[in-house]
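K.L.:
Taken in order, these protein sequences are the chains called U and L. In terms of the numbering used here, the numbers along the first sequence are unbroken and rise by one, the last being 1335. In terms of the numbering used here, the numbers along the second sequence are unbroken and rise by one, the last being 1045. Every residue gets a Cβ at the ideal spot worked out from N, C-alpha and C, and that includes glycine. Just so it is clear, the structure is predicted and the values come from calculations on it, not from any experiment.
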Amino acid sequence: MVTLKELTVEELFTSGHRLCAGCGAGTIARMTLKALKGPTIVVNATGCLEVSSTVYPFTSWKIPWVHVAFENAAAVASGIESAYKALAKRNAWNKHVDIIAFAGDGGTFDIGIQALSGALERGHDFLYICYDNEAYMNTGIQRSGATPHGAATTTSPAGKKIPGKPEFKKDFIGICAAHGIKYAATASPAYWNDYISKVQKGLEVKGPAVLHVFSPCPLGMRYDSEKSIEMARLAVQTRYWPVYEVEDGKYKLNIKVPNPKPVVDFLQPQGRFRHLFQPQFQKELEVIQQWVDANWKRITTLCEEA
Amino acid sequence: MSKILGLTGNEAIAYAAKQSNVDVVAAYPITPQTIMVEAFSEYVHNGEVNSEFVCVESEHSAMSACIGASLTGARVFTATSSQGLALMHEMLYIASGLRCPIVMGVANRALSAPINIHGDHSDMMGSRDCGWLQIYVENVQEAYDWTIQAFKIAEDPKVLLPVSVNIDGWSLSFSMERVKVLEDDEVAKFLSTRKPILTIDPDKPITVGALCLTDYYFETKRQQVEALEETAKVISRVNKEFWSLTGRQYSSIDTYGLEDAEAAIICLGGTAGTAKTVAENLRSHGKKVGVIKPWVYRPFPTMEIAKATKHLKALVVLDRACSFGAPYSSLCNDIVATLYQNGKKLNVSNLVYGLGGRDIAPFDIEDVFKEALKMAETGLVKEPLKFIGVRE
Chain U
1030 MVTLKELTVE
1040 ELFTSGHRLC
1050 AGCGAGTIAR
1060 MTLKALKGPT
1070 IVVNATGCLE
1080 VSSTVYPFTS
1090 WKIPWVHVAF
1100 ENAAAVASGI
1110 ESAYKALAKR
1120 NAWNKHVDII
1130 AFAGDGGTFD
1140 IGIQALSGAL
1150 ERGHDFLYIC
1160 YDNEAYMNTG
1170 IQRSGATPHG
1180 AATTTSPAGK
1190 KIPGKPEFKK
1200 DFIGICAAHG
1210 IKYAATASPA
1220 YWNDYISKVQ
1230 KGLEVKGPAV
1240 LHVFSPCPLG
1250 MRYDSEKSIE
1260 MARLAVQTRY
1270 WPVYEVEDGK
1280 YKLNIKVPNP
1290 KPVVDFLQPQ
1300 GRFRHLFQPQ
1310 FQKELEVIQQ
1320 WVDANWKRIT
1330 TLCEEA
Chain L
654 MSKILGLTGN
664 EAIAYAAKQS
674 NVDVVAAYPI
684 TPQTIMVEAF
694 SEYVHNGEVN
704 SEFVCVESEH
714 SAMSACIGAS
724 LTGARVFTAT
734 SSQGLALMHE
744 MLYIASGLRC
754 PIVMGVANRA
764 LSAPINIHGD
774 HSDMMGSRDC
784 GWLQIYVENV
794 QEAYDWTIQA
804 FKIAEDPKVL
814 LPVSVNIDGW
824 SLSFSMERVK
834 VLEDDEVAKF
844 LSTRKPILTI
854 DPDKPITVGA
864 LCLTDYYFET
874 KRQQVEALEE
884 TAKVISRVNK
894 EFWSLTGRQY
904 SSIDTYGLED
914 AEAAIICLGG
924 TAGTAKTVAE
934 NLRSHGKKVG
944 VIKPWVYRPF
954 PTMEIAKATK
964 HLKALVVLDR
974 ACSFGAPYSS
984 LCNDIVATLY
994 QNGKKLNVSN
1004 LVYGLGGRDI
1014 APFDIEDVFK
1024 EALKMAETGL
1034 VKEPLKFIGV
1044 RE
């Protein structure tokens, strides 16, 4: 795993951007660019990271950066990768270029999953990073396919009858791995060396690689902004966010959690789950704990750890 | 030395793209355009081109990949039709907004619902304000010629805008004609390789597609308007160069019989061919009729149309698309605006025809000319907007 000494002190994702204090996406972008090995292009889907880091005429990106639209980061990356191949054929380009696509959970789980699936199937050489803050935070906290059960969003509010989102989160890594890609992994910014090593691994792999990283969001998850990394750590320590990788189809658990904290430790500090602590909805806390246990069992079984 | 090949409209556009040495093609199949994609795939799989062919999972991704490739500095081609173009709609605006000189063959087809796979212009007309240059051709030769010219126009540093080359679905896309084609090296010399100005080059990092709010967005749109205005000059220059290479002369509009015509038809695409044949016959009987065919629909050739209509007494605009709820359909709206802007009081009627691939026959066109002549004589326009060839 990568050590602090090995990281560049150069900041390729600069300060001055307009992300919220404590935003996970900014931390993730900065750590990602610490992992670069050579010429790299970033494609960014529409979302918090995009709108906040490139308010014209300013930019936080010291490497080439492209935003086209919301649902097509993977397709745009396909075009860039193909163009470099074509330019190399006519000797107009002679270097390897790493391509990283960033998208939030809305741009990945929902509107962008078709373009991503197509790009994974075609085998383009790029790294796709989904920073998952578990809702459409940029448009004001609406539910996505990544929003967990019970979470209150503006389109799955904590109502008197329906307490937050009734549905459960998609198995995104399972979907990606099913494409037969060489590398897919989850990560949490609280475990920075695990994450940065995975970015490097994803870039080294020939063909597509996918990272699914938990992105704490003080505004949308409703907790104090200084607690972001703590939330990212609790997500792992409660087994809510298993950190694992799938390499050539083989699952491996990267962070073992032998003595997990109860999931309520992760839920309680977050305003989006506050309603579940009312007596009439408390059974939902058990439902979430059961989901966490079942998901952990499923993943660890795949990792042959169970 | 020009050689002659038997090519359909689709094949001619694919062949022109091949000779234009495109770097990247990202495309998705849709009737009646599919042969363009198939023909190009064959070139790739037979090693006849060095292009990268990205067989995407939708037209939306096709245009997205084209934008990515174009921003990298590649010469880019794609093709689509109908629902595919509609699915691309969002990306069309981004391609022009990010100044990507992509060339796209469009086999024009009706839009759903109800679903229909035949020709009309509803698809491109539905995207006519997307900031692309839009060219409509009459036959397969023109499809070939304009595709090659389209790359040169699009990639000109004064333009840097995408171009669509529109052929009528079915009647042109699948019709085989004798096509005079250039040698590969002649095309290579005419076009040379793309020389992009700004690219996403890791050696010179730039940010593309930033967020422009109330303080800058409007200026970027104003620049696009200016670029389109410049385009007219570039088109004219490229047409001249192409003329000296091939002897085939193009401009933003094509006219027939206008030297003395009193009544004329104006229409886009293949129907102009039928109209010219009918006009020729009527003219041999002393009827003073003519035909105007805009090759270039965007930027709209306002001055040329104003000049061409100067001596007319009546004009019938044939529209192969319906602008629901509007006083006129698409082409006629532009024509009436042009006439008004130039202080020309002319009797104009708008006929919507051929939706969903319904044929328009020479005798239909003959009736249109007769009505136009009557309009010229009486100065009366009975119905400003009519539908022909439809059960009512």
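Taking DSSP as the reference, what is the three-state secondary structure of Pro1308/U?
P.N.:
It is helical.
K.L.:
Using a beta-carbon distance below 8 angstroms, is Tyr869/L in contact with chain U?
P.N.:
For Tyr869/L, the answer is yes, since a Cβ of chain U falls inside 8 angstroms of its Cβ.
K.L.:
Can you look up Asn819/L in the DSSP assignment and give me helix, strand or coil?
P.N.:
Strand at Asn819/L.
K.L.:
With a cut-off of 8 angstroms, do at least 3 Cβ pairs link the segment 1086-1096 of chain U to the segment 1112-1120 of chain U?
P.N.:
Because the criterion of three Cβ pairs below 8 angstroms is not met, the segment 1086-1096 of chain U and the segment 1112-1120 of chain U do not touch.
K.L.:
Could you check the C-alpha separation between Tyr1085/U and Cys865/L for me, to the nearest Å?
P.N.:
In a straight line, the C-alpha of Tyr1085/U is about 5 angstroms away from that of Cys865/L.
K.L.:
Given that Glu695/L touches chain U, what residues does it touch there, using C-beta distances under 8 angstroms?
P.N.:
Neighbours of Glu695/L on chain U: none; closest Cβ ~18 angstroms, over 8 angstroms.
K.L.:
Could you tell me which whole beta strand (DSSP E) segments of length 3 or greater appear in the segment 1247-1300 of chain U?
P.N.:
If we require 3 residues or more, the beta strand (DSSP E) runs fully inside the segment 1247-1300 of chain U come out as 1273-1276, 1279-1282.
K.L.:
Going by alpha carbons, who is nearest to Asn792/L out of Met829/L, Asp782/L, Val1001/L, Thr991/L?
P.N.:
When only C-alpha atoms are compared, the closest one is Met829/L.
K.L.:
Identify the contact partners of Asn1101/U in chain L, using a Cβ-Cβ distance below 8 angstroms as the criterion.
P.N.:
By Cβ distance, chain L contributes His713, Ser714, Ser717, Met744.
K.L.:
Since Val818/L and Gln794/L should fall inside the 8 angstroms C-beta cutoff, what is the C-beta to C-beta distance between them, to a whole number of angstroms?
P.N.:
Actually they are not in contact, since the Cβ atoms of Val818/L and Gln794/L sit about 13 angstroms apart, beyond 8 angstroms.
K.L.:
I need the straight-line Cα distance from Val1071/U to Phe1016/L, nearest angstrom please.
P.N.:
Their backbone Cα atoms lie some 59 angstroms apart in a straight line.
K.L.:
Residues of the segment 1103-1120 of chain U in Cβ contact with chain L at a cutoff of 9 angstroms, in chain order, please.
P.N.:
Listed by position, the residues of the segment 1103-1120 of chain U near chain L (Cβ gap below 9 angstroms) are Ala1103, Ala1104, Val1105, Ala1106, Ser1107, Gly1108, Ile1109, Glu1110, Ser1111, Ala1112, Tyr1113, Lys1114, Ala1115, Leu1116, Lys1118, Arg1119.
K.L.:
Pairing CB atoms from the segment 970-984 of chain L with CB atoms from the segment 994-1014 of chain L, are three or more of them under 8 angstroms?
P.N.:
Yes, the segment 970-984 of chain L touches the segment 994-1014 of chain L.
K.L.:
So Gly1179/U and Glu1040/U are in contact, right, with Cβ under 8 angstroms, and what is the actual spacing, rounded?
P.N.:
Going by Cβ atoms, the distance from Gly1179/U to Glu1040/U rounds to 38 angstroms, so no, they are not a contact pair.
K.L.:
Report buried or exposed for Tyr1157/U, applying the criterion of at least 16 other Cβ atoms within 10 angstroms of its Cβ.
P.N.:
Classification for Tyr1157/U: buried.
K.L.:
Which residues, in order along the segment 782-809 of chain L, keep a beta-carbon less than 7 angstroms from a beta-carbon of chain U?
P.N.:
The segment 782-809 of chain L vs chain U, Cβ under 7 angstroms: nothing.
K.L.:
Our contact map puts Tyr1160/U next to Ile1057/U with C-beta atoms below 8 angstroms; I'd like the distance itself, whole angstroms only.
P.N.:
Contact flag correct, Cβ pair sits at about 5 angstroms.
K.L.:
In chain order, which alpha helix (DSSP H) runs of at least 4 residues are fully inside the segment 810-855 of chain L?
P.N.:
Here the runs fully enclosed are 837-844.
K.L.:
Would you mind stating whether Val1105/U and Gly943/L have Cβ atoms separated by less than 8 angstroms?
P.N.:
No.
K.L.:
Going by DSSP, which residues form a beta bridge with Asn1000/L?
P.N.:
Paired residue(s): Ala967/L.
K.L.:
Select from Met741/L, Pro947/L, Asp837/L the residue whose C-alpha is nearest the C-alpha of Ser845/L.
P.N.:
For the residues Met741/L, Pro947/L, Asp837/L, the minimum Cα distance to Ser845/L belongs to Asp837/L.
K.L.:
Name the residues in the segment 671-687 of chain L whose C-beta lies less than 7 angstroms from a C-beta of chain U; which are they?
P.N.:
Hits within the stretch, in order: Asp676, Val677, Ala679.
K.L.:
Go to Ala1132/U, then tell me how far its beta strand (DSSP E) extends in each direction, as first and last residue.
P.N.:
1127-1133 is the extent of the beta strand (DSSP E) around Ala1132/U.
K.L.:
Quick one, are the C-beta atoms of Tyr681/L and Ser711/L less than 8 angstroms apart?
P.N.:
A contact, by the Cβ cut-off of 8 angstroms.
K.L.:
By the criterion of Cβ-Cβ separation under 8 angstroms, what are the contact partners of Thr1083/U in chain L?
P.N.:
Those are Thr860, Gly862, Ala863, Leu864, listed as they occur along chain L.
K.L.:
In chain order, what residues of the same chain lie with their CB nearer than 6 angstroms to the CB of Gly1076/U, ignoring the 5 residues before and after it?
P.N.:
The answer, listed in chain order, is Gly1133, Gly1136, Asn1167.
K.L.:
Please return the same chain residues whose Cβ sits closer than 8 angstroms to the Cβ of Ile657/L, not counting the five positions on each side in sequence.
P.N.:
These residues qualify, in order along the chain: Arg831, Val832, Lys833, Val834.
K.L.:
Could you give the first and the last residue of the continuous alpha helix (DSSP H) run that contains Tyr1224/U?
P.N.:
From DSSP, the alpha helix (DSSP H) with Tyr1224/U extends over 1221-1233.
K.L.:
Given a limit of 9 angstroms on CB to CB distance, which residues of the segment 727-741 of chain L reach chain U?
P.N.:
Against chain U - using a Cβ distance shorter than 9 angstroms - the residues of the segment 727-741 of chain L are Ala727, Arg728, Val729.
K.L.:
CB Val816/L to CB Val756/L, shorter than 8 angstroms?
P.N.:
Yes, they are a contact pair.
K.L.:
For Val944/L, does the three-state DSSP call read helix, strand or coil?
P.N.:
Reduced to three states, the DSSP call for Val944/L is strand.
K.L.:
By Cβ distance below 6 angstroms, which residues in the same chain neighbour Phe953/L in space, the five residues on each side in sequence not counted?
P.N.:
Excluding sequence neighbours, Phe953/L sits near Asp987.
K.L.:
If I follow the unbroken beta strand (DSSP E) through Ala732/L, where does it start and stop?
P.N.:
Ala732/L -> beta strand (DSSP E) spans 729-733.
K.L.:
Please identify the residue among Tyr993/L, Ile1018/L, Asp913/L whose C-alpha is closest to the C-alpha of Gly1042/L.
P.N.:
For the residues Tyr993/L, Ile1018/L, Asp913/L, the minimum Cα distance to Gly1042/L belongs to Ile1018/L.
K.L.:
Which residues in chain U sit within 7 angstroms of Glu705/L, going by Cβ to Cβ distance?
P.N.:
Those within 7 angstroms of Glu705/L in chain U are Ser1111, Lys1114, Ala1115.
K.L.:
Looking at the unbroken beta strand (DSSP E) that takes in Met757/L, where does it start and where does it end?
P.N.:
Segment 756-761, the beta strand (DSSP E) holding Met757/L.
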